[in-house]
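These notes concern the structure reproduced below.
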Amino acid sequence: MSHLNPATRMFTGLAVGMAVLTGTMLAQPTSAQAAAVALPPTHANFDYQIGGAYTPPTGVKVVTRDHTASPAAGLYNICYINAFQAQPGAEGEWASDLLLRDSNGNVVYDEDWGEALLDTGTAAKRQRIADQIGTQIDGCRDKGFQAVEPDNYDSYTRSGNRLTANNAQAFIKLLSTRAHADGLAIAQKNTPELAGNRTANGLDFAVAEECGQYDECGDYTSAFGNNVIVIEYTDTGRTKACRGWSSTLSIVQRDLDVSPAGSSGYVRKTC
């Protein structure tokens, strides 16, 4: 499931310079690792298929699909992973202490999507969560995806101040290391307030929901240049994004449920 930004509220093996992985320890991101991955083409015809895979429309060159799906043949494929929150109803897939809890011991949820927040508040918990998410990243590599899109980077903003931006960035560094070790590029999903730290956090490109709607596209391009993929969910947002960025960025409008083509509610528009 796609996740909106806070204004409305988603080569091979070892890279040069990576330290040896032992036990649960992961190396920190390095520029050599990032240089070894292939980024998505900029200003490309893009399709967002995280709600279900289907044959990409003619002319599409980049597609995002859920990590449980297979990549689209002949295209640049981005693998979607819900990295900072549990999928709806999937709390049981996580150790109880890895679910964020309030002072009464109750699990903290992203109420808009019914997803339990994962507790990235300590280094030990971040590592355990990263190990579990890392198996999904490895699966993306094994299926032939070229990049990963870890969603809910901004979940700390929905945590009631129980998590911080520093927690989120420490965790994303673990994921970027794992992705680069697998030869995969890694996207920053939303969270424009942290875009300026993209290099330190090991992030290669951006996937921005509704940056046109909320006048945030420039926040991403200032950090990522033209390596920004934009998803809008309204005609107004698409019109604004296209007016300012149609000549440089990859822009698509989808329905909020990102429904597969042929299903009720399916919407896909471009500039």
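Oh and the sequence shown: position 25 is 25 in this note's numbering, straight run, nothing missing.
Just so it is clear, CB atoms sit at the ideal spot from N, CA and C, and this is done for glycine as well.
Keep in mind the model is a prediction, meaning the values are calculated, not measured.
Within 8 Å, strictly: CB atoms of residue i and residue j
i, j, result
"valine 148", "isoleucine 172", "no"
"asparagine 167", "threonine 120", "yes"
"alanine 44", "serine 250", "yes"
"tyrosine 153", "threonine 177", "no"
"isoleucine 78", "valine 60", "no"
"alanine 241", "glycine 212", "yes"
"isoleucine 81", "isoleucine 137", "yes"
"alanine 95", "alanine 69", "no"
"alanine 208", "valine 230", "yes"
"threonine 238", "lysine 269", "At residue 238 the sequence reads arginine, which differs from the threonine that was named. Yes, Cβ-Cβ distance for arginine 238 and lysine 269 is below 8 Å."
"leucine 75", "alanine 130", "no"
Inter-residue CB distance, residue i and residue j (contact presumed, cutoff 8 Å)
i, j, result
"tyrosine 99", "valine 107", "Here the sequence assigns leucine to residue 99, which means tyrosine is not the residue at that position. About 5 Å; that satisfies the 8 Å criterion."
"leucine 117", "arginine 158", "7 Å"
"valine 252", "aspartate 47", "6 Å"
"isoleucine 133", "alanine 83", "5 Å"
"tyrosine 233", "leucine 256", "5 Å"
"proline 88", "tryptophan 113", "7 Å"
Residue i - DSSP class collapsed to helix/strand/coil
i, result
"lysine 269", "strand"
"arginine 254", "strand"
"threonine 199", "coil"
"arginine 162", "coil"
"glutamate 193", "helix"
"glutamate 232", "strand"
"tyrosine 109", "strand"
"glutamine 127", "helix"
"glutamine 169", "helix"
"serine 31", "Note on serine 31: pLDDT 46, under 50, position unreliable in the model; the coordinate value appears next. Three-state result, serine 31: helix."
"glutamine 85", "strand"
"histidine 180", "helix"
"serine 70", "coil"
"threonine 248", "coil"
"aspartate 142", "helix"
"cysteine 211", "coil"
"leucine 21", "Any reading at leucine 21 needs caution, since the residue's pLDDT is 32, under 50, leaving its predicted position unreliable; the model's value is listed next. In this structure, leucine 21 counts as coil in the three-state DSSP scheme."
8 Å Cβ cutoff, residue i in contact with chain B
i, result
"alanine 208", "Judged by its chain identifiers, the structure shown contains no chain B, having just a single protein chain."
Counterpart residues of residue i in DSSP-defined beta bridges
i, result
"phenylalanine 205", "Ala187"
"alanine 147", "Ile78, Ala185"
"isoleucine 50", "Answer is none; isoleucine 50 lacks a bridge partner."
"leucine 99", "Leu118"
"threonine 64", "Tyr48, Ile78"
Beta-carbon proximity list for residue i, same chain, < 8 Å, skipping 5 on both sides
i, result
"alanine 170", "Thr120, Ala123, Arg126"
"leucine 226", "Residue identity differs from the one stated: residue 226 is asparagine in this sequence, not leucine. Excluding residues within five positions, the ones whose Cβ falls inside 8 Å are Thr42, His43, Thr248, Leu249."
Close beta carbons around residue i, own chain, < 7 Å, minus the five adjacent residues each side
i, result
"threonine 221", "Val228"
"glutamine 85", "Asp110, Glu115, Ala116, Leu117, Leu118, Asn152, Ser155"
"methionine 25", "For methionine 25, the predicted structure reports a pLDDT of 35, less than 50, and the residue's modelled location is therefore unreliable. A value from the coordinates is still provided. Result list for methionine 25: empty, nothing under 7 Å."
Any non-hydrogen atom of the ligand MN within 7 Å of residue i CB
i, result
"glutamine 136", "Among the components modelled here there is no ligand, and therefore nothing to report on the ligand MN."
Own chain residues within Cβ distance below 6 Å of residue i, not counting five before or after
i, result
"alanine 72", "Pro56, Val63"
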